[in-house]
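Some notes on the structure that comes next.
Numbering (UniProt numbering), first residue to last: 1 to 1083.
Here it is as C-alpha cells:
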C-alpha cells in the first residue's frame, strides 16, 4: 500500500488522545535562502560559548547530535576526534538514561506522576524547586572578545591606525613637533573610543529589542494536572507533567511517549539535519536513547498525528540542552543590504587607495625633489590620513545599525515581530507574495451554512424539531468523524459563544451537529477505535467507531472530505427517505451541481459517507499498522449521506491589504488546498482576482503557449535580470497541473498579474516558490499551517501569523501578531530602511568626501595652501556630519513609498550613478565651490590674493610676511569649515525627501508623519562643535583655528538657501514631469 495512504492513521487506546487548543512556542529559526539573507533563530536557538551570540540550530546541532549518537553506538574515533572530549562526556550521561527502555508504568512511578491525571499542583510546585524552570541558561559572555568587536568593528581599525600614524608624524618624525598633529592624533583616538562605546550601546540596545520581541511570541503547551487539561507556559512544565501533543506542536521538553497515534511523526531535522520525519512509538525501538522512537526530543516538531508523553527532562538536562553546549558559531552569509554596503565601501576604499598612491607618487617623484620644503614626511602622513578619513563615511555604520534597530522597534510596536534585524532589509525588494488562504486571508472561523441530503439542500440553522432519519445519519457522522471538542469551561454558554478545540473545519462540523442533536450524548454511545486524520495529501478524514449501547458484530466506518476525492470510494447514495440508491451518473451530476453552486459562493464543500463493516472482516489487531491497511482497503463502496457547505469569511482588512500591495508593485497569488471554484470565489472576494471570470485563463492557456512560441525575455535596462514576460492577465490552476509544466510555461506563469493555485499540497507550494525564485522574483510567503512550513522556509521572507501553528512560526522570518494588515507596515518598514540609508549616504558624501578632498588635491597639484585643515576635516566627518546622519535614521517613510515598485536587487543598488551624480555633481560641487570661493575671497581681503598663492608651492617671495600668510590661511580654513557645516544643515533638510517639497514634509511643524524634531538637536550640536573648536583660545592655538566673523556665518546661510532652492526646483520638475530626463537622473 502507498505510504501516503498509511500516513495519518490514529489508534485510540486506554488513554484517549484528543485535539486540543494549540500550544504556542517562541520561535527564532533560520534557513538558507536564495537571496543569501541572514536568518533568525527561535526560543531554542543556541548561545555560542565562544562568541556569546545566538546561533543557528539547524546548522550547529546535527553534527553534534550525530557525534554523540555514534559514540553511544560504537567507537568511531576518526569521525568524532575533534569533538571527542565533550561528546564523550555527554555520551556517558546518556548511556545511563533508561527512560526509553522502561515501561510506561515504571516511568510514571519513577517521576511520581499519573498517566491519566498528571501531577498534582503540590507535586508540580515541589518539582520546580527540585529541577528548576524549563529554560536554557546562556554561557558566560566573553567580554574581551566583545570589546575587540566593539573597538575594531566598522571603521574602528582605520581610526586607530590613522591616529597612531598621526602621532608618529608628531613624534618622532616631527621636527619640530607640531601641536596640531598631536591634537589630530588625540581626536582620532577619541573618536575611536566613542565609536567603540556606540557599538557597545548599539549591541546592548539591539539585543534588548530582539529579546523583547522573542518574549512576545506565543509559548505554551497543553498538559494534564490534577486531572484537568490546562495550558501553561512551556517554562513552567516539570518532569512528570503529562503533555498532549498534536499536529504542529513543538516539543517543550524531552518526552517519553505513553500514547501515540499510528501516524504520529516528529521532524527532528533541527537536531539530525535529516528532513524525513521520524515515526513515533510507545515502545523502545533502539537501545540508543538518541535513536529510539519513543522519546520526543525538545525542539522537534510534531508533523503528523497526536499523542501523549511524560516529561522526563527539562531545560539544560534535555538532549537539546546538552548538545547545544558543544555548538560553535557557524559561518553566516552576507545579507543583501550588507552586500550593498560592502560594495559601496569597497568602491570608497579603492578611491582612497588610488588617491593616496597618487599623492605619494607625486610627492616622491616630483614634489620631494623640486619643492622639498612644501610637503615634508609628517605632513604627507597627515594628508594621507586626511584623505582616508575624508573618504570613508564614518557615520554610515552608525546610521545602518541605528536604522535597523529603530525599524525593528517600530515594527514591534505595530505587532510585527522580526526574528532578526536582518529580516527587515529583505522586505523592500519583495515583488511577489504567495499567500495561503485559510487563516491568512480568511478569519479561520468557520461555520456550516448549508447541507444536503440526496438532491435536497437545506440552510443552517435547521428549523425542525425532529430531524428526519437521513438528516440524523448525516449529523451523526459529522459529529463522530470529528477531532474537535467543546471546552468544558464554557459548556453552559449558548452554542455560538462556546469555545472549541481542534481544527477549524472540525469545529464547524461539530457545531453543526450540536445545533441539531447533542454531540456529547452522541459520543457517549460510540467508542472510537481508529482514526485517520485529515491531511493536505489525502484530503479526507476517516474514523471507525463501535456502538457501546448495542452488542453487535458491526463497526461504523465514516469518512468526510473533498467530494472529488471521496466520490470515487462511494457506490451508493442516501435518498431523502434514508433508503439507498446506486450512485449512477445522474446522481453524480446532481451532487456535482450542488457542489459547484456552493463553491462559486466561496464555500468549502465536504462530502460525508459511511459504511458498516463486520468486525471479523478485519483480521489485524487495532493497534497495528496492518489494521489501518485493512481499514483503508475496506473504505470502498460507501454510502453518501450528504454534503455540508462551510464558509470561512475573508478578514475584514484583506481586500484593502491586497489592493494596497498591488498598488505598491507587489503581486499577491493565492495558494490553497481548496476546491478550484471555491478558491476562485474567495480570491475574488479578497480582491486577489479582479479580472472578469470570462477572461481568466486556465491550464489550457499554458498548453497553447508552450506549443505556439518560446518566452520573450524582456530586454529593458530596468528588467534585464527578469526572465518572465510582463503580463496583466489572470489564471487559476490546480496543484496537479503545475507539476508537469516546462520551463517555458513557468516563464509565462511567472508573468501573470493575478493567479490562484487550488488543491495544492505542501510539495506543490514549495515548487511554486522555487520556480518563481529561479526567475529572479523575490518571493514572500504567508501562511499559518503545518503544510505551509516548507514554502515559508524556502521563501525569501517567510511571514506567519501569531495565531498559526508552531511549525509555521518556527519556519517564518516574521510573525504578524495582530492582523494580516501588518504586512503593509512590514513592507513599508523594509523600504524605508533602504531609503533612509540612501539619504544618509547622499548627505555624507558632499561635504565629508567631495568638499574635503579638493583642498588636499589643490594643495598637492596646484601648490595652493590647504584651505581646510586636516583636523577640521576629521571634525566634520566624525562629529558634525555624524549627528545629522543619525537623525536621518528616524525619517518616516515618504507618502509615495507604497506607490513605488519594489527594489530590484540586481539593478537598484544602495549607491548608483544617480546618487553619485547628485551627491558629487550637484550638492558637492555647489558646497565645494562656495566654500572655496568664500575662503579665497577672505584671503584676498586680508591681502593675500589667489594669484600670489597659485602654483607657488610655498614660495611667496619677500613681499609677503610668512606669519601673516599663515594666520590668513588659518582664518580661511576656519571659514571653509564653518561654510561647509552650515551648508550641510540645508543639505540635511533637502535629502529628507527624494521627491516631496520641504513644505510638504516640514521637520517641525505640519503633519506628525513628516516630523523629525531630532534635526534641531543635531544642528545645535554641530554649531556647538564649531564654537568649541573655533572660539576657545586654548584650542585655537593647538589646532590653528581662528574666530570666524559674523558675515561668514550669514554667507553660508545664503548659499544654503540657494542650495535648497535648487533642490526644490529639481523635485518640482520631477513631480511635474515624472517621466522626464531629470526624473530618470534623480536619485
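Where a beta carbon is used, it is the ideal one built from N, C-alpha and C, also for glycine.
Remember, it's a predicted structure, so these values are computed and weren't measured experimentally.
Where residue i falls: helix, strand or coil (DSSP)
{"i": "residue 175", "result": "coil"}
{"i": "residue 739", "result": "coil"}
{"i": "residue 1063", "result": "helix"}
{"i": "residue 257", "result": "strand"}
{"i": "residue 368", "result": "helix"}
{"i": "residue 957", "result": "coil"}
{"i": "residue 964", "result": "helix"}
{"i": "residue 222", "result": "strand"}
{"i": "residue 833", "result": "helix"}
{"i": "residue 820", "result": "coil"}
{"i": "residue 1078", "result": "helix"}
{"i": "residue 1004", "result": "coil"}
{"i": "residue 432", "result": "strand"}
{"i": "residue 686", "result": "coil"}
{"i": "residue 552", "result": "coil"}
{"i": "residue 413", "result": "helix"}
{"i": "residue 300", "result": "coil"}
{"i": "residue 1013", "result": "coil"}
{"i": "residue 557", "result": "strand"}
{"i": "residue 976", "result": "helix"}
{"i": "residue 228", "result": "strand"}
{"i": "residue 580", "result": "strand"}
Beta-carbon proximity check, residue i vs residue j, cutoff 8 Å
{"i": "residue 777", "j": "residue 435", "result": "no"}
{"i": "residue 1098", "j": "residue 281", "result": "Limits of the chain in this structure are 1 at one end and 1083 at the other, which puts residue 1098 out of reach."}
{"i": "residue 679", "j": "residue 605", "result": "no"}
{"i": "residue 634", "j": "residue 619", "result": "no"}
{"i": "residue 415", "j": "residue 816", "result": "yes"}
{"i": "residue 968", "j": "residue 1026", "result": "no"}
{"i": "residue 697", "j": "residue 730", "result": "yes"}
In DSSP terms, what residue i is bridged to
{"i": "residue 547", "result": "526"}
{"i": "residue 1073", "result": "Bridge partners of residue 1073: none, in fact."}
{"i": "residue 650", "result": "442"}
{"i": "residue 307", "result": "245, 260"}
{"i": "residue 669", "result": "434"}
{"i": "residue 392", "result": "Answer is none; residue 392 lacks a bridge partner."}
{"i": "residue 316", "result": "In DSSP, residue 316 forms no bridge with anything."}
{"i": "residue 267", "result": "301"}
{"i": "residue 755", "result": "731"}
Neighbourhood of residue i by C-beta distance below 6 Å, restricted to the same chain and skipping five residues each side
{"i": "residue 1084", "result": "Because the chain is modelled from 1 through 1083, residue 1084 falls outside the range shown and cannot be assessed."}
{"i": "residue 77", "result": "Confidence in residue 77 is poor, its pLDDT being 45 and thus under 50, which makes the residue's placement too unreliable to answer from."}
{"i": "residue 858", "result": "864"}
{"i": "residue 570", "result": "583, 609, 638, 640"}
Residues near residue i by beta carbon distance below 7 Å, same chain, minus five either side
{"i": "residue 481", "result": "541, 543, 558, 559, 560"}
{"i": "residue 253", "result": "134, 237, 298, 311, 313, 314, 318"}
{"i": "residue 183", "result": "871, 1038, 1039"}
{"i": "residue 1053", "result": "982"}
{"i": "residue 737", "result": "699"}
{"i": "residue 686", "result": "441, 650, 654, 655, 658"}
{"i": "residue 457", "result": "450, 594"}
{"i": "residue 123", "result": "112, 240"}
Any non-hydrogen atom of the ligand NAD within 7 Å of residue i CB
{"i": "residue 480", "result": "Absence of the ligand NAD is noted for the structure shown, with no ligands found whatsoever."}
Sequence-distant residues of its chain with Cβ nearer than 8 Å to residue i (five each side left out)
{"i": "residue 572", "result": "580, 581, 582, 583, 637, 638, 639, 640"}
{"i": "residue 362", "result": "860, 861"}
{"i": "residue 181", "result": "166, 167, 169, 170, 174, 378, 382"}
{"i": "residue 513", "result": "475, 476, 478, 479, 482, 519, 522"}
{"i": "residue 889", "result": "399, 402, 403, 406, 836, 840"}
In the region 790-816, which residue ranges form an unbroken alpha helix (DSSP H) of at least 4 residues, counting only runs that do not cross its ends?
Fully enclosed alpha helix (DSSP H) runs of no fewer than 4 residues occupy 806-811 of the region 790-816, in order along the chain.
Contained alpha helix (DSSP H) runs [length at least 4] in the region 452-504, N- to C-terminal order
469-480, all fully within the region 452-504.
At 4 residues or longer, what runs of the alpha helix (DSSP H) sit wholly inside the region 588-658?
625-634, all fully within the region 588-658.
Entirely within the region 863-921 and at least 4 residues each: give me those alpha helix (DSSP H) ranges in chain order.
Within the region 863-921, the runs of alpha helix (DSSP H) at least 4 residues long that lie entirely inside it are, in chain order, 870-875, 881-888, 913-916.
Of all the alpha helix (DSSP H) runs that stay within the bounds of the region 101-164, which reach a length of 4 or more residues?
Scanning the region 101-164 for uninterrupted alpha helix (DSSP H) segments of 4 residues or longer gives 104-111, 121-131, 143-152, listed from N- to C-terminal end.
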